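Undergrad:
In this note's numbering, the protein residues as written are 71 to 701.
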């Protein structure tokens, strides 16, 4: 991996990178008998790996399965699949654009991101052993992982340059605060549907009519039981041996292609005077020149940076940007930095962010790393590579043995030394344990496996490779009326109760409009009335449906309140009255609060600008989606 994971690193820009281990990598094009076209999509001719897409989708489905005990609905699964594909296409578009614009990421930035990843920490401190173990456990090697990290950080640079360059004018801030901090004086009443359930009488005729009219709603789920074999990913872990000769040869091979060539990095400090809605160009330059004059008079650079710099990522570090490859900086900053000797200061330097005063602190050694420096790293890579070879060789054996056995797996389990396991109650939309993954279920319900009783082909999952066979199949069927009578009665009673609650609620709204206000005496006894008070957009303890309605209502006219009502998502009815509207006032905020709101608005605008930028890239790109393989 990198020469070292440095302690107490300082950042250049505060970029948050979320790293999901096991999600971001394909399995290097290994074919386990699947489709010949091994891509999910092509973006300007560059492949998005089908294996990568499937691994991420499996992990995504596993996370969502906990929210859907009866199985993830097909429409939700389809939406998640499309969102994932759009996300991968977006990342590839940004990556290609970042490369075209010559964005680069130095080793320090990668080291900092790895060190800050919670998955690689023990008691809050980075652990090299845990880092290597995590990669090996997920079939990854440091070189590949760090290459992906470099790509992610490069994309983050591009996104930061677009979204982070937004500034907010005072008028925009005032309008934003006026809306965001707006308060409305409102009264409301909740009429609970449950209060009317006991008044509802559901006849047997109504139950039978519902049962006969909607038989599709009262079906037992189609289920299968399966026997399966799992070849775990760590199947070769205990048998791998690496000789010193192999290690030396691998080092020579990697060194020959320039992998261990050092990159000169420079450690700099800077003071940024931002050009934004509060400071125009001329004023910013004047402030930067004044800071430079104080430095030239002997004042401490780090102290001044903490006092004057507008860069929140380095201000608390005395402007220290840490060691970095100069190529990561924007061109004017890079050029100035390369022309400095340690201890020298340059500025003011104009960039898209404002004016910089730059001081070069140190220049790192760019010599090659020795075998001793990278021994542990290369050993882990070779071990992971050999374990991977064993895994896929054994996976090929599993595929062949399952094919030969045709419709039984006991002999396959014996030949492979694997345990035959069973699962029951698997539906087309969900299942226990490993059956929560769509690929497992799709194979179980495929025609050759379900109808012809054949063994499945190999299924590549996070856990390893699986083959299965169906041992029992229960078709969907109409449940007996006795089994669903209570459920139908409850459903019909609830529907009628909601109708009664809405009927009384609408009557109260009409009386409120006649009065010009919402009054408790106009409400049914079961209503829960809340007296008028000021509420904000983020008020807690109020139904989101009701809160949205209150803040969508027109401002009241004259002395009369605006009175209306709505049925809530849970079936209750809400009547409400808006008595007054009070806009937020930017002048009531502290300087710190104004800065916070300015950043919030800039972030929102920046997000919209970034989305528009990506939309333009996609409209100009050639994007081919492999729909057949994504079904």
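We treat Cβ as the ideally placed atom computed from N, Cα and C, and that holds for glycine.
Everything numeric in this text was worked out from a predicted model, so none of it was measured.
In terms of alpha-carbon separation, which member of 388, 230, 637 lies closest to residue 338?
TA: Here the question's residue 338 lines up with position 268 in the chain shown. Ranking 388, 230, 637 by Cα distance to residue 338 puts 388 first.
Undergrad: By the 10 Å Cβ neighbour count, where 16 or more other Cβ atoms means buried, how is residue 567 classified, buried or exposed?
TA: Here the question's residue 567 lines up with position 497 in the chain shown. With 16 or more other Cβ atoms within 10 Å, it is buried.
Undergrad: Considering only residues of the same chain and omitting the five flanking positions on each side of residue 305, which have a CB-CB separation below 6 Å?
TA: As a working note, residue 305 is residue 235 in the chain shown. Once the five neighbours on either side are set aside, the close Cβ partners of residue 305 are 461, 464.
Undergrad: Quick check on this structure: which residue in 150, 351, 549 has the alpha carbon closest to the alpha carbon of residue 287?
TA: Residue numbering aside, residue 287 sits at position 217 when the chain shown is read from its first letter. Of the listed residues, the one whose Cα sits closest to residue 287 is 549.
Undergrad: Suppose the cutoff is 7 Å on Cβ atoms and the five residues either side in sequence are ignored; what does the same chain contact list for residue 442 look like?
TA: Working through the chain shown from its first residue, we reach residue 442 at position 372. Result list for residue 442: empty, nothing under 7 Å.
Undergrad: If you draw a straight line from the C-alpha of residue 539 to the C-alpha of residue 154, how long is it?
TA: Stepping through the chain shown from its first residue, residue 539 is reached at position 469. Stepping through the chain shown from its first residue, residue 154 is reached at position 84. Roughly 30 Å separates the two Cα atoms.
Undergrad: What is the DSSP secondary structure of residue 221, counted as helix, strand or coil?
TA: For this step, residue 221 is matched to residue 151 along the chain shown. The answer is helix: DSSP assigns residue 221 an H, G or I state.
Undergrad: Would DSSP call residue 684 helix, strand or coil?
TA: The sequence position of residue 684 within the chain shown is 614, counting from 1. Reduced to three states, the DSSP call for residue 684 is helix.
Undergrad: With DSSP collapsed to three states, give me the class of residue 456.
TA: One-based indexing of the chain shown puts residue 456 at position 386. The answer is helix: DSSP assigns residue 456 an H, G or I state.
Undergrad: Report the start-end ranges of each beta strand (DSSP E) in the stretch 523–607 that is 3 residues or longer and not cut off at the edges.
TA: With a minimum length of 3 residues, the continuous beta strand (DSSP E) runs that stay inside the stretch 523–607 are 534–544, 598–606.
Undergrad: Would you call the stretch 554–573 and the stretch 604–612 touching, i.e. three or more CB-CB distances under 8 Å?
TA: Segments in contact, no.
Undergrad: By Cβ distance below 7 Å, which residues in the same chain neighbour residue 448 in space, the five residues on each side in sequence not counted?
TA: Here the question's residue 448 lines up with position 378 in the chain shown. Closer than 7 Å at the Cβ level, and outside the excluded window around residue 448, lie 317, 320, 321.
Undergrad: By alpha-carbon positions, which one of 356, 446, 315 ends up nearest to residue 201?
TA: Stepping through the chain shown from its first residue, residue 201 is reached at position 131. That would be 446, whose Cα lies nearest to the Cα of residue 201.
Undergrad: Name the DSSP bridge partner or partners of residue 421?
TA: What you label residue 421 is simply residue 351 of the chain shown in a count that begins at 1. For residue 421, which the question treats as bridged, DSSP gives the partners 424.
Undergrad: Does residue 128 come out as helix, strand or coil in the three-state DSSP assignment?
TA: Position 58 of the chain shown holds residue 128. Residue state, collapsed to three classes: helix.
Undergrad: Measuring CA to CA, which of 499, 518, 644, 619 is closest to residue 145?
TA: Mapped onto the chain shown, residue 145 falls at position 75. Cα-wise, what sits closest to residue 145 is 499.
Undergrad: Please look up how many angstroms separate the CB atoms of residue 451 and residue 213, rounded, as I've assumed it's under 8 Å.
TA: Mapped onto the chain shown, residue 451 falls at position 381. Mapped onto the chain shown, residue 213 falls at position 143. Their Cβ separation, rounded to whole angstroms, is 6 Å, which keeps residue 451 and residue 213 in contact under 8 Å.
Undergrad: Take every Cβ of the stretch 650–670, pair it with every Cβ of the stretch 277–291, and state whether three or more of those distances are shorter than 8 Å.
TA: Touching, no.
Undergrad: Could you name the residues of the same chain whose beta carbon sits closer than 7 Å to that of residue 687, not counting the 5 residues immediately before and after it, in chain order?
TA: Taking the chain shown and counting its residues from 1, the one referred to as residue 687 is at position 617. Cβ within range, chain order: 163, 167.
Undergrad: Which residue marks the beginning of the beta strand (DSSP E) containing residue 297, and which one marks its end?
TA: In the chain shown, residue 297 corresponds to position 227, counting from 1. Its beta strand (DSSP E) spans residues 293–302.
Undergrad: Can you give me the C-alpha to C-alpha distance between residue 696 and residue 110, rounded to a whole angstrom?
TA: By one-based count along the chain shown, residue 696 stands at place 626. By one-based count along the chain shown, residue 110 stands at place 40. Their Cα atoms are separated by approximately 5 Å.
Undergrad: With a threshold of 16 other CB atoms inside 10 Å of the CB of residue 121, please say whether the residue is buried or exposed.
TA: Counting from 1 along the chain shown, the entry for residue 121 is found at position 51. Buried, because 16 or more other Cβ atoms sit within 10 Å of the Cβ of residue 121.
Undergrad: Specify whether the stretch 178–187 and the stretch 390–403 touch according to this definition: at least 3 beta carbon pairs, one from each stretch, less than 8 Å apart.
TA: Counting Cβ pairs under 8 Å, three or more are found: they touch.
Undergrad: Assign residue 149 to buried or exposed, taking buried as 16 or more other Cβ atoms, counted over all protein chains shown, within 10 Å of its Cβ.
TA: For the purposes of this step, residue 149 is identified with residue 79 of the chain shown, where counting begins at 1. Label assigned to residue 149: exposed.
Undergrad: Leaving aside the five residues before and after residue 400 along the sequence, list all residues of the same chain whose C-beta is less than 6 Å from its C-beta, in chain order.
TA: Working through the chain shown from its first residue, we reach residue 400 at position 330. Within the same chain, residue 400 has close Cβ partners 421.
Undergrad: Once you ignore the five residues that flank residue 374 on each side, which residues in its own chain have a CB closer than 7 Å to its CB?
TA: Translated into the one-based positions of the chain shown, residue 374 becomes position 304. Once the five neighbours on either side are set aside, the close Cβ partners of residue 374 are 341, 361, 364, 365.
Undergrad: What's the C-alpha gap between residue 655 and residue 495?
TA: Here residue 655 refers to the residue found at position 585 when the chain shown is read from its first residue. Here residue 495 refers to the residue found at position 425 when the chain shown is read from its first residue. Taking the straight line joining both Cα atoms gives about 59 Å.
Undergrad: Could you pull out every residue in the same chain whose Cβ sits closer than 7 Å to the Cβ of residue 221, ignoring the five residues on either side in sequence?
TA: Residue mapping note: residue 221 aligns to position 151 of the chain shown, counting from 1. 165.
Undergrad: What's the call for residue 429, buried or exposed, on a 16-neighbour Cβ count within 10 Å?
TA: Looking up residue 429 in the chain shown gives position 359. By the 10 Å Cβ count, residue 429 comes out buried.
Undergrad: Grouping DSSP H, G and I as helix and E and B as strand, with all else coil, what is residue 251?
TA: Locating residue 251 in the chain shown gives position 181, counting from the first residue. In this structure, residue 251 counts as coil in the three-state DSSP scheme.
Undergrad: Please report how far the alpha carbon of residue 231 lies from the alpha carbon of residue 265, in whole angstroms.
TA: Working through the chain shown from its first residue, we reach residue 231 at position 161. Working through the chain shown from its first residue, we reach residue 265 at position 195. Looking at the two C-alpha atoms, the distance is approximately 56 Å.
Undergrad: Applying the 10 Å Cβ sphere with the 16-neighbour rule, what's the burial state of residue 413?
TA: Indexing the chain shown from 1 puts residue 413 at position 343. The residue in question, residue 413, is exposed, as its Cβ has fewer than 16 Cβ neighbours within 10 Å.
Undergrad: Let me confirm a value: residue 598 is counted as buried when at least 16 other C-beta atoms fall within 10 Å, else exposed. Which label applies?
TA: On the chain shown, residue 598 is found 528 positions in, with the first residue counted as 1. With fewer than 16 other Cβ atoms within 10 Å, it is exposed.
Undergrad: Compute the Euclidean distance between the alpha carbons of residue 309 and residue 614, then round it to the nearest angstrom.
TA: To locate residue 309, count along the chain shown from 1; it is residue 239. To locate residue 614, count along the chain shown from 1; it is residue 544. Going by the C-alpha atoms only, they are around 58 Å apart.
Undergrad: So, helix, strand or coil for residue 479, using DSSP?
TA: What you label residue 479 is simply residue 409 of the chain shown in a count that begins at 1. It is coil, neither helix nor strand.
Undergrad: Could you check whether residue 519 and residue 528 sit closer than 8 Å to each other, using their CB atoms as the reference points?
TA: To locate residue 528, count along the chain shown from 1; it is residue 458. To locate residue 519, count along the chain shown from 1; it is residue 449. Contact: no.
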